[in-house]
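Take a look at the structure:
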């Protein structure tokens with residue numbers, strides 16, 4: 004199945020939502036939204052996607068984290084502290100926090116679900132820890 008970027012993104016959202024129920028994704032299950040750009044609800048090369056508490060979180064190469072309902076309604080957006088030398092490529096969730104490993108800056112960013120930066124820790128190094 005060959006999909007354009009936004010169709011792939013929609014497929015990932017549905018797949019994440021259905022995987023918790025053991026569901027399978029078919030072409031008729033694909034829900035897609037957004038377009039290419041910098042407006043709310045638009046993306047420039049999506050890098051990571053995650054589903055938590057009924058919301059879909061997407062990070063793109065601008066360092067923006069955008070939040071959507073499962074049906075694709077834009078809910079919120081915030082930006083990582085810096086994205087000049089690269090952007091995060093993963094997203095996770097723990098204890099009600101949005102966890103973003105930012106490997107380009109050798110740090111972990113922890114946000115509230117509303118986008119408030121709660122903590123950032125880590126630094127570049129070659130030794131233990």
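Residue numbers (the numbering used here): 4 to 132.
Every residue gets a Cβ at the ideal spot worked out from N, C-alpha and C, and that includes glycine.
Among the options, the one whose alpha carbon lies nearest that of residue i
i: residue 65; options: 112, 104, 121 and 50; result: 50
i: residue 108; options: 122, 116, 91 and 98; result: 91
i: residue 81; options: 69, 63 and 123; result: 69
i: residue 83; options: 54, 61 and 72; result: 61
i: residue 35; options: 115, 129 and 74; result: 74
i: residue 104; options: 124, 118, 117 and 116; result: 124
i: residue 111; options: 86, 87 and 126; result: 126
Residue i Cβ short of 8 Å to the ligand MG heavy atom set
i: residue 81; result: As far as ligands go, the structure on display features none, and thus does not contain the ligand MG.
Residue j beta carbon less than 9 Å from that of residue i
i: residue 94; j: residue 52; result: yes
i: residue 43; j: residue 96; result: no
i: residue 46; j: residue 56; result: no
i: residue 116; j: residue 99; result: yes
DSSP bridge partner residues for residue i (one or two, in chain order)
i: residue 93; result: Paired residue(s): none; residue 93 is not in a bridge.
Simplified DSSP state of residue i, which is helix, strand or coil
i: residue 108; result: helix
i: residue 81; result: strand
i: residue 100; result: strand
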